[in-house]
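Okay, so here's the structure we're looking at.
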Amino acid sequence: PASFVTDLLIAGFLREGEAGEEGLLLILGQEDPEKYREHMESLDVPITGHEAAGRVQYVDWYSFREQNIAGIEEKDAVIKCSVDLLNVQIAVSNVLENLADRPPGRALVHIISPALALYDFNTVYQFTQGLLGKLANRGVTALFIVDKEQVGSETKRFYPLFDAVMDLDQAV
Numbered sequence: 401p402a403s404f405v406t407d408l409l410i411a412g413f414l415r416e417g418e419a420g421e422e423g424l425l426l427i428l429g430q431e432d433p434e435k436y437r438e439h440m441e442s443l444d445v446p447i448t449g450h451e452a453a454g455r456v457q458y459v460d461w462y463s464f465r466e467q468n469i470a471g472i473e474e475k476d477a478v479i480k481c482s483v484d485l486l487n488v489q490i491a492v493s494n495v496l497e498n499l500a501d502r503p504p505g506r507a508l509v510h511i512i513s514p515a516l517a518l519y520d521f522n523t524v525y526q527f528t529q530g531l532l533g534k535l536a537n538r539g540v541t542a543l544f545i546v547d548k549e550q551v552g553s554e555t556k557r558f559y560p561l562f563d564a565v566m567d568l569d570q571a572v
């Protein structure tokens with residue numbers, strides 16, 4: 401689970417986007433959208449209301465671990481993807497098209513750490529480059545979460561991709 405400090409950063413990032421009525425794209429690989437929605441609501445991020453207004457879309461790269469998903473399956477605000485990262489890229493492109501009529505939005509990307517558990521570094525690095533390109537071309541502000549406890553020494557190899565990096569440690 402993310403640290404309290406990380407949770408606060410994510411909550412602030414999402415609240416700011418919601419206040420501007422921006423489209424929000426949540427790319428999740430650590431937990432399913434329902435649990436994530438509950439977690440954000442517990443941090444006073446009113447995700448459910450923004451979903452009802454059509455401003456929130458999830459790309460779910462977690463559920464394939466618990467159910468058989470062939471390719472891409474879409475239901476309401478959630479697009480579930482199979483284990484193939486190419487399907488995540490396709491789902492993100494679809495969401496960006498659907499959110500095209502809204503102001504440039506925000507994306508929370510919490511997929512790198514779990515992807516490195518299944519794929520080699522170069523594959524995940526190239527995936528991340530492609531994702532960054534798609535988001536930047538649409539003017540989307542993205543927050544990438546990389547859990548250095550899961551990724552280890554590979555974490556710093558991602559730094560050149562990003563405009564800024566914050567290394568958060570929760571004080572004990």
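First residue of the sequence shown? That's 401 in my numbering, and the numbers climb one at a time after it.
Glycine included, each C-beta is placed from N, C-alpha and C at the ideal position.
On a predicted model such as this, the values are computed, not experimentally measured, just so you know.
Under a 10 Å Cβ-count criterion, Y559 is classified as exposed, with fewer than 16 other Cβ atoms of the shown protein chains found around its own Cβ. Counting of Cβ neighbours within 10 angstroms places T528 among the buried residues, the total reaching 16 or more. Per DSSP, reduced to three states, the secondary structure at Y525 is helical. Runs of the beta strand (DSSP E) lying entirely within the stretch 492 to 557 and spanning at least 3 residues, in chain order: 506 to 510 and 541 to 544. Note that the C-beta distance between L496 and K534 is below 8 Å. Between the stretch 436 to 456 and the stretch 408 to 416 there are three or more C-beta pairs closer than 8 Å, enough to call the two in contact. In its chain, beyond the 5 residues on either side, W461, Y462, H510, I511, P514 and A515 have a beta carbon closer than 7 Å to the beta carbon of G429. The three-state secondary structure of Y559, taken from DSSP, is helix. Counting along the chain, the unbroken beta strand (DSSP E) around D460 starts and ends at V456 to D460.
Pairing E451 with A477, the inter-Cα distance amounts to about 7 Å.
Here E474 is bridged, per DSSP, to I479. Annotated three-state conformation of I427 is strand, per DSSP. Around G505, the same chain offers G417, E422, G423, L424, L425, L499 and V540 as residues with beta carbons nearer than 7 Å, after the five sequence neighbours per side are excluded. In the structure shown, the three-state DSSP call for M440 is helix. Pairing G552 with V483, the inter-Cα distance amounts to about 22 Å.
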